[in-house]
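Colleague: Taken in order, these protein sequences are the chains called C and E.
Note that the numbering used here has the first sequence beginning at 1221, numbered continuously upward.
Note that the numbering used here has the second sequence beginning at 10, numbered continuously upward.
Note that CB positions come from ideal geometry on N, CA and C, so glycine has one too.
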Amino acid sequence: MSSTKFILGLFEDPDEMMDGITLLQQNSIPIYDVYTPMPIHGIEAKLGIKDSRLGYASFMFGCLGGTIIFSIIYYALVHDWPMNIGGKPAFSVPDFIPLTFEWTVLYTAFGTVATFFFATHLFPGRTARVMDLRATNDRFVIAIDAKGNTPHEDITNLLKEAGAVEVKHNDRKYVSYE
Amino acid sequence: MSSHHESIIREPLITGDNITYAKITEDILAPVERMPGRAWWIGFTVASLGATLWLFAVSYTFWYGIGSWGLNKTIGWAWDITGFVWWVGIGHAGTLISAILLLFRQKWRNSINRSAEAMTIFAVICAASYIVAHMGRPWMALYSLPVPNQYGSLWVNFNSPLIWDVFAISTYFSVSLVFWYTGLLPDIATIRDRAEGLRRRVYSVMSFGWTGSVKTWQRFETVSLILAGISTPLVLSVHSIVSMDFATSLEPGWHTTIFPPYFVAGAIFSGFAMVQTLLLVTRKVMGLENYITMFHIEAMNKIIILTGSIVMVAYSTEFFIAYYSQVEYEQYAFLNRYFGPYWWASWSMFCCNCVIPQVLWFKKVRRSIPATWVLSIIINIGMWFERFVIIVTSLHRDFLPSSWAMFYPTWIDISVFIGSIGVFFTCFLLFIRVLPAIAIAEVKLILKGSSEQEKKKILADGHTDPAQAEFYKDALRKFDSIEIAEYEKV
């Protein structure tokens, strides 16, 4: 029994990596994940990854921010301490718009980013789960779970055929741990 | 897909031969990964001396009070608010580049957005410091926030543009910071994975555990797009609100409806000038000529001439409307502005912002690095004068001639201003030492489509329309980073 946990196909060209994905898919080999130094457009469709739902979260946070500040202003200027400014109405909606807008933007920004960090498990000090150190530099890495996907030589050959410059058989899932 | 080739007639965004993904990383991270050179140390020494001056002058202000400035009871706002508006304006170009150009899919933004956004953040820090300094007692800043208090609660006046400004500037700063830092994550991860020891640990904490998996990138791009979408109206709102600090008053010279668009155009104008000031030097000193090319410089110069012309139209419109309004105070304010005791400030403003930048209509000037740099300094000076003119010349003579006065800056006023420039450059110089000055991942994204080497291959294949190929080769002549002789044989 081989001790290989993950097979990594390292490509130096994003298009060759995409060919590699196609080839693996044609041979019914499931892909664990793909690590790239830059976003690859069109890869989500290829891997069958659903659209991000972050936009919905952003919208909700925006509504929340706008509502909160509008309520604060309403409470302060209309309910708690109405002022007589030249006999004009205390509930002067046009004057409320700039701040409502600002907090809509503020909450959208912070809410979107917080949701992104939460969903992706990003936070300060998190140990990076890196499979190959060059995946943030100049290698486009296809990772394949070695368990159950045999024979490993076939996978290696497929990756090589697609143009992988290197194929790694890693005994550890992540190389970034001390 | 990344292999999508764009039309040959578009100028390349990355020049040079043998640019690989690894080389992009090496080139951009070189200043971060090696010891700084002499140019950096000289710059840093001068800048930090300036920052020290700022620290001293602001401390002096807090110790002795606002009386140490040249303000008087007629001119209650002078160099401080001038400096505030000037810095906020400078910040606007960063957001324009990072947000608006992203929405317009302008790929050339990819190599300048990072440093422009950093510039935004440092400029807004400088701007905010003026507001806090002007409070004299900085802890009073608390009362600009709607916090419950023992006076009732007595709330802030939410109808006042000054309070809108507190919200607008703080939102602008924090949203810009979040946008900038999120964009930095993949690049910090790149540094992390190349570093060793303590350095690796520090960058590891800062990288938030970035891996670059498919889902991460997908969400990252969604976040970028959403943040760009909301930053675009935000940046327009910020300077509009800053302008309302003036426009909603009854002061002749301030009380005009043209202010919001006029201020926004001026902000972008001065911001791009500051981007040129910084990047022309950065590109040279850090050897980034292949990424920040002549195309970028010329494109920014085109934006400068456009926004500069909008500003000129705004000046003229203001002048005309003052006449047309038949309000004698308004008319006097504008005649006094250009022909009164502050004529030199107004004409400096008009020359620096409207007359001199017209030379940018000439290709030769747009493509000359020394000329662009000198112009960018002139525009920075001109835009400082614009704010000075709007604020001080309007205030110094209004309705009551018995209250007319002049403003004379004290050495503290001058030190705070010069010091704030020192703070700005100290921050910027530290930034280019510890973080990549160009968004590495975003530049890699355009390597396969928009680089000179790819386009050269297309030319070598010979399937292009000869007229288009000729047009392309001709366009390459302006680049200082391309050896045009190589193209004679292709």
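Which stretch, first to last residue, makes up the alpha helix (DSSP H) that contains residue 1239 (chain C)?
Modeller: For the purposes of this step, residue 1239 (chain C) is identified with residue 19 of the first sequence, where counting begins at 1. Counting along the chain, the alpha helix (DSSP H) containing residue 1239 (chain C) begins and ends at 1234-1246.
Colleague: Near residue 245 (chain E), what residues of its chain come up, given a Cβ to Cβ distance below 7 Å and the 5 sequence neighbours on each side ignored?
Modeller: Walking along the second sequence from the start, residue 245 (chain E) turns up at place 236. 273, listed in sequence order.
Colleague: Considering Cα atoms alone, identify which of C:1388, C:1285, C:1311 and C:1365 is closest to residue 1248 (chain C).
Modeller: Within the first sequence, the letter at position 28 stands for residue 1248 (chain C). The shortest Cα separation from residue 1248 (chain C) among C:1388, C:1285, C:1311 and C:1365 belongs to C:1365.
Colleague: From the DSSP output, read off the bridge partner residues of residue 1361 (chain C).
Modeller: As a first step, residue 1361 (chain C) must be located in the first sequence, where it is residue number 141. Answer is C:1230 and C:1255, bridged to residue 1361 (chain C).
Colleague: Counting only Cβ-Cβ distances shorter than 9 Å, please list the residues of the segment 1310-1328 of chain C near chain E, keeping chain order.
Modeller: Residues passing the 9 Å Cβ filter: 1312, 1315, 1316, 1318, 1319, 1321, 1322, 1323, 1324, 1325, 1326 and 1328.
Colleague: In the DSSP assignment, find the alpha helix (DSSP H) that holds residue 168 (chain E) and state where it starts and stops.
Modeller: Taking the second sequence and counting its residues from 1, the one referred to as residue 168 (chain E) is at position 159. Where residue 168 (chain E) is concerned, there is no enclosing alpha helix (DSSP H), given that its DSSP letter is neither H nor E.
Colleague: Check distances from the C-beta atoms of the segment 1250-1261 of chain C to those of chain E and list, in chain order, the residues that come in under 8 Å.
Modeller: So the list reads 1253, 1254, 1255, 1256, 1257, 1258, 1259, 1260 and 1261, given in the order they occur along the chain.
Colleague: Rounded to the nearest angstrom, what separates residue 217 (chain E) and residue 1342 (chain C) at their Cα positions?
Modeller: Within the second sequence, numbered from 1, the residue matching residue 217 (chain E) stands at position 208. Within the first sequence, numbered from 1, the residue matching residue 1342 (chain C) stands at position 122. Looking at the two C-alpha atoms, the distance is approximately 5 Å.
Colleague: Restricting to Cα atoms, I'd like to know which of E:355, E:158, E:349 and E:310 is closest to residue 414 (chain E).
Modeller: In the second sequence, counting from the first residue as 1, residue 414 (chain E) sits at position 405. When only C-alpha atoms are compared, the closest one is E:349.
Colleague: Give the secondary structure of residue 222 (chain E) by DSSP, where H, G and I count as helix, E and B as strand, and everything else as coil.
Modeller: As a first step, residue 222 (chain E) is located in the second sequence; it is residue number 213 there, counting from the start. Residue 222 (chain E): strand per DSSP, three-state reduction.
Colleague: Compare the C-beta of residue 1340 (chain C) with all C-beta atoms of chain E and state if any pair is closer than 7 Å.
Modeller: One-based indexing of the first sequence puts residue 1340 (chain C) at position 120. Residue 1340 (chain C) counts as touching chain E.
Colleague: Quick one: give me the first and last residue of the beta strand (DSSP E) that residue 1390 (chain C) is part of.
Modeller: The sequence position of residue 1390 (chain C) within the first sequence is 170, counting from 1. Where residue 1390 (chain C) is concerned, the enclosing beta strand (DSSP E) stretches over 1386-1390.
Colleague: Give the residues from the segment 1278-1296 of chain C that approach chain E closer than 7 Å (Cβ to any Cβ), ordered along the chain.
Modeller: Answer in chain order: 1278, 1292, 1293 and 1296.
Colleague: Determine the direct distance from the alpha carbon of residue 403 (chain E) to that of residue 341 (chain E), and round the result to whole angstroms.
Modeller: Along the second sequence, one-based indexing puts residue 341 (chain E) at 332. Along the second sequence, one-based indexing puts residue 403 (chain E) at 394. Using only the alpha carbons, I get a separation of about 10 Å.
Colleague: Taking DSSP as the reference, what is the three-state secondary structure of residue 1272 (chain C)?
Modeller: Start at 1 with the first residue of the first sequence, and residue 1272 (chain C) comes out as number 52. Of the three classes helix, strand and coil, the one that applies to residue 1272 (chain C) here is coil, per DSSP.
Colleague: Three-state secondary structure (DSSP) at residue 460 (chain E)?
Modeller: The residue labelled residue 460 (chain E) in the question sits at position 451 within the second sequence. Strand at residue 460 (chain E).
Colleague: Check each candidate in E:19, E:30, E:248 and E:338 and name the one with the smallest Cα separation from residue 264 (chain E).
Modeller: Here residue 264 (chain E) is taken as the residue at index 255 of the second sequence, counted from 1. Closest option to residue 264 (chain E), Cα to Cα, is E:338.
Colleague: Classify residue 466 (chain E) as helix, strand or coil using the three-state DSSP reduction.
Modeller: Here residue 466 (chain E) refers to the residue found at position 457 when the second sequence is read from its first residue. The answer is helix: DSSP assigns residue 466 (chain E) an H, G or I state.
Colleague: On the DSSP bridge assignment, give the partners of residue 1305 (chain C) in chain order.
Modeller: By 1-based counting over the first sequence, the position of residue 1305 (chain C) is 85. Paired residue(s): C:1308.
Colleague: Flag this pair as yes or no: are the beta carbons of residue 167 (chain E) and residue 1293 (chain C) separated by less than 7 Å?
Modeller: The residue you call residue 167 (chain E) lines up with position 158 of the second sequence. The residue you call residue 1293 (chain C) lines up with position 73 of the first sequence. Yes.
Colleague: Which same chain residues, not among the five before or five after residue 1402 (chain C), have their C-beta less than 6 Å away from its C-beta?
Modeller: For chain C, the structure presents residues 1221 to 1398; residue 1402 (chain C) sits outside this window and is missing.
Colleague: Please list the residues of the segment 100-133 of chain E that have a C-beta atom closer than 9 Å to any C-beta atom in chain C, keeping them in chain order.
Modeller: Listed by position, the residues of the segment 100-133 of chain E near chain C (Cβ gap below 9 Å) amount to none.
Colleague: Give the straight-line distance between the Cα atoms of residue 116 (chain E) and residue 459 (chain E), rounded to the nearest whole angstrom.
Modeller: As a position in the second sequence, residue 116 (chain E) is number 107, starting the count at 1. As a position in the second sequence, residue 459 (chain E) is number 450, starting the count at 1. Going from the Cα of residue 116 (chain E) to the Cα of residue 459 (chain E) covers about 9 Å.
Colleague: Could you check which residue in E:133, E:473, E:176 and E:136 has the C-alpha nearest to that of residue 152 (chain E)?
Modeller: Position 143 of the second sequence, counting from 1, holds the residue named residue 152 (chain E). Out of E:133, E:473, E:176 and E:136, E:176 has the C-alpha closest to the C-alpha of residue 152 (chain E).
Colleague: Express the C-alpha separation of residue 1262 (chain C) and residue 10 (chain E) in angstroms, rounding to a whole number.
Modeller: In the second sequence, counting from the first residue as 1, residue 10 (chain E) sits at position 1. In the first sequence, counting from the first residue as 1, residue 1262 (chain C) sits at position 42. Unreliable placement is indicated for residue 10 (chain E), whose pLDDT of 42 sits below 50; the coordinate value is still reported in the next sentence. Roughly 6 Å separates the two Cα atoms.
Colleague: Do you know how far the Cα of residue 136 (chain E) is from the Cα of residue 97 (chain E)?
Modeller: Here residue 97 (chain E) refers to the residue found at position 88 when the second sequence is read from its first residue. Here residue 136 (chain E) refers to the residue found at position 127 when the second sequence is read from its first residue. Roughly 6 Å separates the two Cα atoms.
Colleague: Given that residue 252 (chain E) touches chain C, what residues does it touch there, using C-beta distances under 7 Å?
Modeller: Reading the second sequence from its first residue, position 243 is the one you call residue 252 (chain E). Those within 7 Å of residue 252 (chain E) in chain C number zero; the least Cβ separation is about 12 Å.
Colleague: For residue 472 (chain E), does the count of other Cβ atoms within 10 angstroms reach 16, so buried, or fall short, so exposed?
Modeller: Your numbering for residue 472 (chain E) matches position 463 in the second sequence. Classification for residue 472 (chain E): exposed.
Colleague: Which class does residue 1193 (chain C) belong to by DSSP, given the choice of helix, strand or coil?
Modeller: Since the first and last residues shown for chain C are 1221 and 1398, residue 1193 (chain C) lies out of range.
Colleague: Based on Cα-Cα distance, which residue from C:1332, C:1236 and C:1287 lies nearest to residue 1319 (chain C)?
Modeller: One-based indexing of the first sequence puts residue 1319 (chain C) at position 99. Checking every option, the nearest Cα to that of residue 1319 (chain C) belongs to C:1287.
Colleague: At what residues does the alpha helix (DSSP H) containing residue 207 (chain E) begin and finish?
Modeller: Within the second sequence, the letter at position 198 stands for residue 207 (chain E). First-last of the alpha helix (DSSP H) with residue 207 (chain E): 206-215.
Colleague: Could you check the C-alpha separation between residue 1236 (chain C) and residue 1330 (chain C) for me, to the nearest Å?
Modeller: Counting from one through the first sequence, the residue named residue 1236 (chain C) turns up at place 16. Counting from one through the first sequence, the residue named residue 1330 (chain C) turns up at place 110. Roughly 37 Å separates the two Cα atoms.
Colleague: Would you report the Cα separation of residue 301 (chain E) and residue 490 (chain E), rounded to the nearest angstrom?
Modeller: Within the second sequence, numbered from 1, the residue matching residue 301 (chain E) stands at position 292. Within the second sequence, numbered from 1, the residue matching residue 490 (chain E) stands at position 481. One C-alpha to the other measures close to 10 Å.
Colleague: With 7 Å set as the bound, which would you pick, yes or no: does the beta-carbon of residue 272 (chain E) sit closer than that to a beta-carbon of chain C?
Modeller: As a position in the second sequence, residue 272 (chain E) is number 263, starting the count at 1. Not one chain C Cβ lies under 7 Å of residue 272 (chain E).
Colleague: Which residues of chain E have a Cβ atom closer than 8 Å to the Cβ of residue 1274 (chain C), listed in chain order?
Modeller: Translated into positions along the first sequence, residue 1274 (chain C) becomes position 54. Under the 8 Å cutoff, chain E gives 228, 231, 232 and 235.
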